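Residue numbers (the numbering used here): 2 to 480. Even for Gly, the Cβ is constructed at its ideal location relative to N, Cα and C. If you're wondering where the values come from, they're calculated on a predicted model, not measured in any experiment. The structure appears below as structure tokens.
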Amino acid sequence: MEPAVARPRRRWSVWIAVGLIVLFGVMTPILLVAAFAASGPRVKSGTVVVVRFEGDIPEAESQSPFGLLSGGRGALSLHELKQLVDSVATDRKVTGVLLEIGNLTTGFATVEEAREILEKLHEAKKPVQTLLVGDFVEEKEYSLALAGDKLTVSPEAAVLLNGLVADVAFWRGTLDKFNVKPQLFQFKEFKSAAEPIMNHEMSAPMREEYQALLSDIYGHFVSDVSKRRSLPEDKLRALFDRGGLTTREALEAKLVDALGHAEDVEADLRKGAANVKGAPRMAARKYLAAAREHAQGETIAIVYGVGAITAAGRSSPFGGEGILGPRMAAAIRDAAEDDDVKAIVLRVNSPGGSAVGSDFVWRAVRAAKEKKPVVVSMGDVAASGGYWISMAADAIVAHPTTLTGSIGVVGGKIDFRGLYEWAGANVDTVKVGKNADLMSGVRLFDTEQEERFKSWMGAVYEDFVHHVAEGRGLKYEDV
């Protein structure tokens, strides 16, 4: 009987051994990368630090352990970019900075903030050159490239600084085909989030809103280029209205300074620099790992509010963005109660979401500013709930192209009964309570239910307006 008992034990020991080997195999690369990031490479004299911009520019460094696997190639966040600039500005071993700019998906305000951070290198007399490496150079890429002393573009690229457009898909016709009936309400006429579901095209207020937003952002862009490239605005508008430029046309128009590639720009940056033999190009994240130091002095807490706002739920374990109202409120309370924290910066980049979740944060901000200064810094968007969580702060700072406000409420439901019938299904119902079916997805509100639902929305809207008036020191009627 002893062999029979011993076999399962040996099997379990084999499986445990295999499991440990697999775990070691998975964790070893992560641990090695982590160790490398902690120690960092040496910075040699004559180094050119290369900062690559592609896709999104995050607000803060990813907290996911999988971010370690980037091996120094991951995009820098705005917070890390500031740390890098602060270090490069005083580092005599760095002979210059090369900004390689691909195609950007981030917002205009984030681009402006990144450029403002980089321009601090000019104050430190540190050479900065930009290289546009995407197939298409559009307004965001070009705007960021203006951070450089010299602007170079790949010869094969197309320069498409031809204006801004918003294509909004309206789904009402599609819903009609499937017999789906939306019943959504908005407070008030410019609160247009429900229109793509309710309407076949833009209402007059929605069109006015979009036209004003695009005109404002484009006007700011043209004015910016005019100042930084010393070109008249009317000449720029006429140039952009041609519908795209070749790189040679952009060079002739003095929109760029040179056509070339990375090696050309690096050689230009190293001209006249001493001790450059064998000096490498160094990726920004690797440089940051080598140069990062712990800050000394008083502490300012930065609380990030990025993504849609919810009142309940869980954040992704893989670092997905989103604002869970109660959790963010707790972070603000912790910062307010920490004696080492002298002020709180609330960084907001959110299109809004739950009114309840937003109110959690609003109350925490209002309480925190009784103990220490609370300042809101707005990113690309701080609209609706994103404005709700901001409005109680001592001060609000936004960029010229930040989309903010959107003080209003959208709500309702969609009746899918027609879709079920179209698909041959039948929904039968049993209910207890006169209005148990208030939020049912297979029938519209009746007249009484619609009035009840609108009264709730109206109450939320009134709270929003009153909070704005209180937080910003304005009259209710003006808000």
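Look at the Cβ atom of residue i, then the Cβ atom of residue j, and state whether they are nearer than 7 Å.
| i | j | result |
| --- | --- | --- |
| Lys151 | Asp258 | yes |
| Ala115 | Ile198 | no |
| Arg348 | Ser378 | yes |
| Ser351 | Gly409 | no |
| Gly261 | Ala312 | no |
| Thr96 | Gly149 | no |
| Gly323 | Ala393 | no |
| Asp381 | Ala110 | yes |
| Phe241 | Leu162 | yes |
| Ala302 | Ala254 | no |
| Arg53 | Glu101 | yes |
| Ala330 | Ala365 | yes |
| Leu232 | Gln130 | no |
| Val49 | Arg282 | yes |
| Phe179 | Glu202 | no |
| Val375 | Ala368 | no |
| Ala332 | Lys373 | no |
| Ala146 | Leu133 | yes |
| Phe188 | Gly413 | no |
| Lys236 | Val411 | no |
| Glu60 | Leu79 | yes |
| Gly244 | Ala159 | no |
| Val342 | Thr300 | yes |
| Leu420 | Val181 | yes |
| Ala285 | Leu77 | yes |
| Glu210 | Val223 | no |
Would you report the Cα separation of residue i and residue j, rounded to the nearest angstrom?
| i | j | result |
| --- | --- | --- |
| Gly406 | Leu119 | 28 Å |
| Lys83 | Val266 | 23 Å |
| Thr175 | Ala194 | 17 Å |
| Thr247 | Pro156 | 9 Å |
| Val112 | Asp429 | 54 Å |
| Arg418 | Ser144 | 49 Å |
| Gly56 | Arg238 | 27 Å |
| Gly41 | Thr107 | The pLDDT assigned to Gly41 is 45, lower than 50, so where the model puts this residue is not dependable; a value taken from the coordinates is nonetheless given after this. Going by the C-alpha atoms only, they are around 29 Å apart. |
| Lys228 | Leu252 | 17 Å |
| Thr153 | Ala167 | 29 Å |
| Lys272 | Asp92 | 18 Å |
| Ala213 | Asp438 | 41 Å |
| Glu81 | Val226 | 26 Å |
| Gly103 | Trp363 | 38 Å |
| Val346 | Val169 | 34 Å |
| Phe361 | Arg328 | 9 Å |
| Asp177 | Leu105 | 36 Å |
| Tyr288 | Glu338 | 35 Å |
| Asp136 | Leu215 | 24 Å |
| Glu196 | Met440 | 20 Å |
| Ala125 | Asp340 | 34 Å |
| Glu451 | Val51 | 58 Å |
Among the residues of its own chain, which have a CB less than 6 Å from the CB of residue i, if the five just before and after it don't count?
| i | result |
| --- | --- |
| Pro183 | Ile198, Met199 and Ile415 |
| Ile397 | Val377 and Ser391 |
| Gly442 | Phe417 |
| Gly461 | In the sequence under discussion, the amino acid at residue 461 is Val, which differs from the Gly named in the question. The answer, listed in chain order, is Ala356 and Val410. |
Excluding the five sequence neighbours on either side, which residues of its own chain have a C-beta within less than 8 Å of the C-beta of residue i, listed in chain order?
| i | result |
| --- | --- |
| Gly353 | Ala309, Ile310, Ser359, Ala384, Ser385, Gly386, Gly387, Tyr388, Trp389 and Ser407 |
| Lys127 | Val89, Ala90, Val95, Gly97 and Val98 |
| Glu264 | none |
| Glu190 | Ser204 and Pro206 |
| Asn427 | Tyr421 |
| Lys432 | Asp438 |
Got a sec? Which residues, its chain only, sit under 7 Å from residue i by beta carbon, not counting five neighbours each side?
| i | result |
| --- | --- |
| Val480 | Val466, Val469 and Ala470 |
| Val86 | Ile118, Leu119, Lys121 and Leu122 |
| Ser355 | Ile310, Thr311, Ala312, Gly326 and Gly386 |
| Arg43 | Ala291 |
| Trp423 | Phe179 and Asn180 |
| Gly314 | Leu325 |
| Arg230 | Lys255 and Leu256 |
| Glu3 | Bear in mind that a pLDDT of 38 at Glu3, under 50, signals an unreliable position, so the number given afterwards is only what the model happens to contain. Cβ within range, chain order: n/a, list empty. |
At which residue ranges does the segment 92-158 contain complete alpha helix (DSSP H) runs of 4 or more residues, listed in the order of the chain? 109-119, 121-124 and 140-146
With a floor of 4 residues, list each alpha helix (DSSP H) that falls wholly inside the segment 206-293, ordered by position along the chain. 234-241, 248-253, 263-271 and 285-292
Does the segment 451-463 come within contact of the segment 205-222, defined as at least 3 CB pairs closer than 8 Å? no
Of all the alpha helix (DSSP H) runs that stay within the bounds of the segment 334-371, which reach a length of 4 or more residues? 356-369
Runs of 4 residues minimum, wholly inside the segment 364-448: which ones carry the alpha helix (DSSP H) assignment? 386-389 and 418-423
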